[in-house]
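With the first letter of the sequence shown counted as 1, position 30 gets the number 29 in numbering that gives the first Met the number 0; the numbers rise by one all the way through. Below: one structure, written as structure tokens.
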Amino acid sequence: MEGGIPENQLELDAVVAMTAGSDTTASNLTFCVYFLTAHPDCARELRQELDKEFPNPAGMLDMDILQTLPYLNGVIHESLRLTTPYFMPREVPVGGIVVDDRFIPHGTDITIATNSQHMSEENFYPDPLAFRPARWIPGGLGPETKTNKNVLCSFGLGEYACIGKMLAYQEMRHTLSRLVLMYDFAFPEGFDVAGFPQGMQYTRSTYFEIPLRLKVTRRPGVTGFKTAFE
Ligand code: HEM
């Protein structure tokens, strides 16, 4: 195309937009379902919250309501917190920068160790290694609850952060709520529940070496709204 953006760049942009917008949300939803199936008490709490707002499991799910539900958002944040492996490298610009009183010269590659930040008990207390969605609700794990929301950087931070963050949250809230409202999940016999997260590989996109195996059944009494499971 003359004078415009070259076609090969448009093609590359399209690939970035498609992978960035699909397997990221899908991976986190996989983890949400995994954690909820591994922690039935958390699944029960989430279903209770959803049942209160949406008495018809197959009915419309209002996005404005979904975004206000504390436990639903806690589950999504907690899954992101525990499973974000990114190291997003950045090159220090001309003139260098000062971080914590230390000068870093131009051209140095720097990054944040996201996982360490997400697991540190200075940021998340108590039980920083455990899946506890209630930590995202003020005082949710008792008076000592510490939840440093500012360090959650699954979407990157600052002006180059993920452009699809808001859409991703909407997709995750909607899909997870529909699944929890309509289906019961259980691990099939012999599934290595503790081993599943060890099979996650990150190679710019997330790869599950061990497929998540689940027995999915329609929640008793729920009718209408056929999904791909059926
Ligand atoms: C759970 C879901 C998602 C996660 C964890 C995620 C995470 C990220 C991260 C870490 C970056 C890099 C930020 C940086 O360089 O500092 C990024 C960039 C990007 N994301 Fe997402 N993302 C998600 C969903 C989405 C969705 C749904 C879309 C689009 C519909 C999307 C589109 C993009 C695009 C186009 C970029 C590149 C932006 C740029 O280079 O300026 N992402 N995302």
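Backbone N, C-alpha and C fix where the C-beta goes; we use that ideal spot for every residue, glycine too.
- Counting along the chain, R172 sits inside no beta strand (DSSP E); it lies in the alpha helix (DSSP H) bounded by residues K164 to M181.
- When DSSP states are grouped into helix, strand and coil, G157 belongs to the helix group.
- Residue range E6 to A37 is occupied by the alpha helix (DSSP H) that includes V14, with no beta strand (DSSP E) assigned at that position.
- Y33 counts as buried, since at least 16 other C-beta atoms from the protein chains shown sit within 10 angstroms of its C-beta.
- Residue burial is scored here from C-beta neighbours: F123 has at least 16 other C-beta atoms within 10 angstroms and is therefore classed as buried.
- Counting every other CB atom within 10 Å of its CB across the protein chains shown gives E77 a total of 16 or more, marking it as buried.
- In this chain, I209 is not harboured by any alpha helix (DSSP H), its DSSP state being neither H nor E.
- Looking at the DSSP output, G141 bridges to G139.
- Taking C-beta separations shorter than 8 Å and ignoring five residues to either side along the sequence, the partners of G20 in its chain run G163, L166 and A167, following chain order.
- About 5 Å separates the beta carbons of T36 and F184, which is inside the 8 Å limit, making them a contact pair.
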